[in-house]
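full-length UniProt numbering puts the sequence shown at residues 1 to 151.
For each residue, glycine too, the CB sits at the ideal point set by N, CA and C.
A quick note: this is a predicted structure, and the numbers were derived from the prediction, not measured.
Here is the structure we will look at.
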Amino acid sequence: MRIVQATLEHLDLLTPLFIKYREFYGELPLPDSSRKFLENRLSRKESVIYLALADDEDKALGYCQLFPSFSSLSLKRVWILNDIFVAEDARRMLVADRLLQTAKQMAKSTNAVRMRVASSVNFETAHKTYESIGFREDTEFKNFVLPLDED
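What follows is the structure, encoded as structure tokens:
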């Protein structure tokens, strides 16, 4: 397996995984809108996306997407791991681990103070994977969400 930083040339490989990620969380596939979303993030350099590819073919095994943020307290960059998804037939092949390690190295190379990730409270498999590379549950801050589409 090889990990590459996705570019616009990878949209055809990336979009089906992104759609599966959305469906995993109960969203409609919306293939055209999904592709456009990814295209905008990549062309505007608004996110960093890593793609896991099979060694011997252009088959996408998984991806992760990170968005930049900043910490006013530390005066440094923070990376938000917003998406991570592994194709069903590639699970238990350490794809997520490789993607996370690559993201961690990128975060370190940009002098970030930390990476953040949010996970469904009952998704124990993801929690164990995050903890295995050094993520810790935040006990200092409680997070809140303000839905803006419900007003």
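| Check | Outcome |
| --- | --- |
| Could you check whether the stretch 123-141 touches the stretch 25-42, counting it as contact only if at least three pairs of C-beta atoms, one from each stretch, sit closer than 8 Å? | no |
| Note down, in chain order, each residue of its chain lying with its Cβ closer than 6 Å to the Cβ of N82, except the 5 sequence neighbours on either side. | Q65 and F67 |
| Mark residue 208 as exposed unless 16 or more other C-beta atoms lie within 10 angstroms of its C-beta, in which case mark it buried. | No answer is possible for residue 208: the residues shown for the chain start at 1 and end at 151. |
| Which residues bound the beta strand (DSSP E) around L53? | V48 to L53 |
| I need the straight-line Cα distance from V78 to L94, nearest angstrom please. | 25 Å |
| Comparing alpha-carbon positions, which option in L38, T110, L100 and A112 lies nearest D12? | L38 |
| What do you get for Y25, buried or exposed, if any count of 16 or more other CB atoms within 10 angstroms of its CB means buried? | exposed |
| What are the boundary residues of the alpha helix (DSSP H) that includes I19? | L11 to F24 |
| Span of the beta strand (DSSP E) holding F67? | A60 to S71 |
| For R136, count the other beta carbons within 10 Å of its own beta carbon; 16 or more makes it buried, fewer makes it exposed. Which is it? | exposed |
| Count the other C-beta atoms from every protein chain shown that fall within 10 angstroms of the C-beta of S34, then say buried if there are 16 or more, exposed otherwise. | buried |
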